[in-house]
Amino acid sequence: MYLNALLFALFGVGFALVLLWVGRKLSPHINTEPARRPFESGMDPQVHAWNRFHVRYLNYALIFLLFDMEMAFMYPWAVVFLDVGWKAFMEMGMFIVILVLGILYAWREKAFEWD
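If you're matching positions, the sequence shown starts at 274 in the working numbering and goes up one per residue.
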């Protein structure tokens, strides 16, 4: 059973590597200075590509991830809710209560402020 999965994974990785190798061999290579620079409307870049983002974006990204995963759990639950019954309702209720407590904690810690 696992041998099939391993062979499938190896075939997939091998196929991807072969495609990358063929593309590298068949594509033209221009090694002039203008061709090596990053394309940015024909102008030189103003900042380095590895410029750091401010840490305040992390809070918004984590909150978005929290609600995105909430919806990923709620869609399948909505499909099977009528079949499972009150047990599913109580489980999702506890899940939502935990999420609301997390939101209240983030609000108390001022995670939503832009300072």
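Using N, Cα and C, we set each Cβ at its ideal position, and we do this for glycine too.
- Taking a C-beta distance under 8 Å as the contact criterion, Gly-375 and Leu-339 qualify as a contact pair.
- Nearest C-alpha to His-321 among Leu-331, Leu-279, Ala-289 and Arg-310: Arg-310.
- Under the criterion of beta carbons closer than 8 Å, Trp-350 and Met-365 qualify as touching, at roughly 5 Å.
- Each residue's CA atom was taken as its position, placing Leu-292 and Ile-303 some 21 Å apart.
- Arg-381: member of the alpha helix (DSSP H) spanning 359 to 381, first to last residue.
- Cβ contact annotation for Arg-329 (same chain, cutoff 7 Å, sequence separation greater than five): Trp-387, in chain order.
- For the pair Asn-332 and Ala-384, the CB atoms are nearer than the 8 Å cut-off.
- For Glu-386, there is no enclosing alpha helix (DSSP H), as DSSP marks it with neither H nor E.
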